[in-house]
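First comes the structure, then the notes that go with it.
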Ligand SMILES: N[C@@H](CCC(=O)N[C@@H](CS)C(=O)NCC(=O)O)C(=O)O
């Protein structure tokens with residue numbers, strides 16, 4: 076029996092939680108799941124008990140507490156996957172690390188204007204120029220990965236890696252907000268949407284009832300799902 080517990084937020088909205096959860100599920104790592112509903116009066120108190128940054132995700136491995144999505148992915152890779160979470164070749168690994176770090180620290184336009192929402196599908200929204208530039212940047216990164224490093228499989232670097240976990244919520248956002256895609260990036264989003272762990276996460280998200288107003292967009296046209 077594994078001693079791993081992953082603390083996550085609402086599956087419908089919590090894109091950072093999704094990264095750790097999907098990566099562990101995809102790699103068949105057993106863990107207990109603890110869900111803390113975000114944006115309630117008790118959220119801060121509930122999250123403060125882990126001694127982390129009071130955000131999700133948080134991973135507990137026995138007495139060890141690991142927080143922050145990228146750190147959790149790195150820890151799982153090192154401790155449970157023989158460091159196979161990154162591509163094996165140094166240049167591919169450098170690219171995977173660079174773009175995962177960029178995802179972790181950047182793209183505020185995409186994060187703010189296209190909040191992850193597994194329950195809904197939209198079209199015809201107005202994006203800021205900043206978000207448009209970020210979307211083009213992400214598409215270019217995906218295309219480069221698929222063309223230069225993706226020959227051994229359907230994922231960014233062929234074999235599934237930490238980079239795929241980091242960008243999974245963006246793929247869901249592009250699909251959920253009907254962002255025009257073609258070629259390699261469209262095929263990549265199709266792969267993400269067909270991933271069993273993503274399907275499982277999204278189905279659970281759709282069953283959740285909580286509404287977080289700040290993560291609901293108003294100016295987009297909602298499609299029947
Ligand atoms: N840098 C953090 C970001 C985590 C984060 O912002 N999580 C949000 C939910 S997706 C959260 O816990 N919000 C709760 C709060 O701010 O009270 C990571 O990568 O894990």
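Residue numbers (our numbering): 76 to 300.
Here a beta-carbon is modelled for each residue, glycine too, at the ideal position from N, C-alpha and C.
Contact set for residue i: own chain, Cβ-Cβ below 8 Å, skip 5 residues either direction
| i | result |
| --- | --- |
| residue 43 | An answer regarding residue 43 cannot be provided, because it is not within the stretch 76 to 300 covered by the chain. |
| residue 154 | 136 |
| residue 197 | 251, 252, 253, 292, 295, 296, 297 and 298 |
Chain-order list of residues whose beta-carbon lies under 7 Å from that of residue i (same chain, five-residue window excluded)
| i | result |
| --- | --- |
| residue 89 | 83, 113 and 131 |
| residue 260 | 214, 217 and 218 |
Rounded C-alpha distance that separates residue i from residue j
| i | j | result |
| --- | --- | --- |
| residue 165 | residue 226 | 16 Å |
| residue 126 | residue 140 | 8 Å |
| residue 304 | residue 242 | This structure leaves residue 304 out entirely; the chain is present only between 76 and 300. |
| residue 168 | residue 219 | 14 Å |
| residue 250 | residue 279 | 18 Å |
| residue 120 | residue 193 | 26 Å |
| residue 222 | residue 208 | 21 Å |
Assigned exposure category for residue i - 16 Cβ within 10 Å defines buried
| i | result |
| --- | --- |
| residue 93 | buried |
| residue 298 | exposed |
| residue 356 | Residue 356 is absent from the model: the chain starts at 76 and stops at 300. |
| residue 86 | buried |
Rounded Cβ spacing between residue i and residue j (contact assumed at less than 8 Å)
| i | j | result |
| --- | --- | --- |
| residue 235 | residue 162 | About 10 Å separates the two Cβ atoms, so there is no contact after all. |
| residue 216 | residue 174 | 5 Å |
| residue 184 | residue 205 | 4 Å |
| residue 143 | residue 128 | 7 Å |
beta-carbon residue i near ligand 3 non-hydrogen atom, thresh 8 Å
| i | result |
| --- | --- |
| residue 132 | The ligand content of the structure shown is limited to ligand 1, which means ligand 3 is not among them. |
Nonlocal neighbours in the same chain, by C-beta distance under 6 Å from residue i, ignoring five residues either side
| i | result |
| --- | --- |
| residue 290 | 88 and 190 |
query = Which runs of the beta strand (DSSP E) fall wholly inside the stretch 222-272 and span at least 3 residues, in chain order?
reply = Complete beta strand (DSSP E) runs here, min 3: none at all.
ask   = Enumerated in chain order, which unbroken segments of the alpha helix (DSSP H) with a length of 4 residues or greater are wholly contained in the stretch 124-212?
value = Whole alpha helix (DSSP H) segments, 4+ residues: 144-155, 165-180 and 183-188.
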